[in-house]
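Here the structure comes first, spelled out in structure tokens, and everything after it is commentary.
In structure tokens:
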């Protein structure tokens, strides 16, 4: 096994209008059992959340909100310029356990002896519901959550969630960084699958744990069954529908393109029905966002953005 302690690691956090969440994420990174040399923060808030960061934290303030994908691109470029081996990527809503990075690095050192590794990622748990946030596989016409085949051994997937992913920076020589036009949703699906299709493998390490806040979950009864649904803003609904439709349709081939189109239209309709039945705010704006997002996704148009409220 390679000497995992010799690797140089920088971390990255996308921040937006939530100082307590950012502080909690930074605190969790500072508690890691192995060294993180530098933490890059892209702060998309209107006003800076970190006024006096320490020397280990470098903040890039973008009040115009460049999104997650463009923020990761900023961090990758700086990490490469400073000769880091890995970039550990986070949303502000995540808190890795103290041994998380150590376990990821050990897994990488072991797996890299026989595999070309793009990403190693932790087991992500929804902090509010306790449910596992599953990585994704692409099944010909759609991305679908992949249940862990093992609770102890690393397992392969197409696309781990972005937050918590430990990216081997040598991949940049073959695979371009995340597409900034995706803005905030589907970034992980696209980047993970592009890594896979370029010959790299992505693994989840079940014993490396991370808490993550995933939307605003509420418990409902739908079609006679108890379910947990996520409450999102209209902006999130737009980018979920637009980006997932765009990516699934773009990656589908042959007959799968027809079934993909039908599935995405069905998703928008069912999603709109759920909003109508269970969401308590801005129902029609959110339904409009689902429909418009799906339309532009099928048209292959990533240039149409959803305007933030003023």
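Numbering (our numbering), first residue to last: 4 to 313. Glycine included, each C-beta is placed from N, C-alpha and C at the ideal position.
Supposed close pair residue i, residue j - CB separation, criterion 8 Å
i	j	result
residue 45	residue 12	Residue 45 to residue 12, Cβ: 18 Å. No contact.
residue 195	residue 162	3 Å
residue 149	residue 134	The Cβ separation is near 14 Å, so there is no contact.
residue 192	residue 83	That belief does not hold up - the Cβ atoms of residue 192 and residue 83 are roughly 23 Å apart, past 8 Å.
residue 303	residue 183	With 8 Å as the limit, residue 303 and residue 183 do not qualify as a contact, their Cβ atoms being about 16 Å apart.
residue 266	residue 131	Not quite, the Cβ-Cβ distance comes to about 28 Å (not below 8 Å), so this is no contact.
Limits of the alpha helix (DSSP H) - the one that residue i falls within
i	result
residue 248	237-254
Nearest residue (CA-CA) to residue i, options the options
i	options	result
residue 234	246, 247, 216, 171	216
residue 137	164, 144, 159, 114	164
residue 155	144, 110, 59	110
residue 250	176, 171, 95, 189	189
residue 254	227, 291, 199	199
residue 20	26, 52, 36	52
residue 80	262, 57, 179	179
residue 36	102, 218, 129, 115	102
residue 175	87, 224, 186, 104	87
residue 264	185, 299, 242	299
residue 310	262, 247, 238, 283	238
residue 60	220, 49, 26	26
6 Å CB neighbourhood of residue i in its chain, flanking five on each side removed
i	result
residue 30	none
residue 23	none
residue 14	32, 39, 42, 91
residue 240	289, 292, 293
Neighbourhood of residue i by C-beta distance below 7 Å, restricted to the same chain and skipping five residues each side
i	result
residue 268	297
residue 107	123, 125, 169, 208, 211
Three-state class that DSSP yields for residue i in the structure shown
i	result
residue 178	coil
residue 293	helix
residue 312	At residue 312, the pLDDT of 43 sits below 50, so the modelled position is not reliable; the number obtained from the coordinates is stated separately. It is coil, neither helix nor strand.
residue 156	coil
residue 151	coil
residue 73	helix
residue 81	helix
residue 189	coil
residue 33	helix
residue 95	coil
Nonlocal neighbours in the same chain, by C-beta distance under 8 Å from residue i, ignoring five residues either side
i	result
residue 119	202, 203, 204
residue 272	none
residue 312	The predicted position of residue 312 is uncertain, since its pLDDT is 43 and thus under 50; a value taken from the coordinates is nonetheless stated next. Closer than 8 Å at Cβ, skipping near neighbours: no residue.
Range of the contiguous beta strand (DSSP E) that encloses residue i
i	result
residue 220	219-225
residue 205	204-215
residue 64	60-64
residue 3	With the chain covering 4 to 313 only, the question about residue 3 has no answer from this structure.
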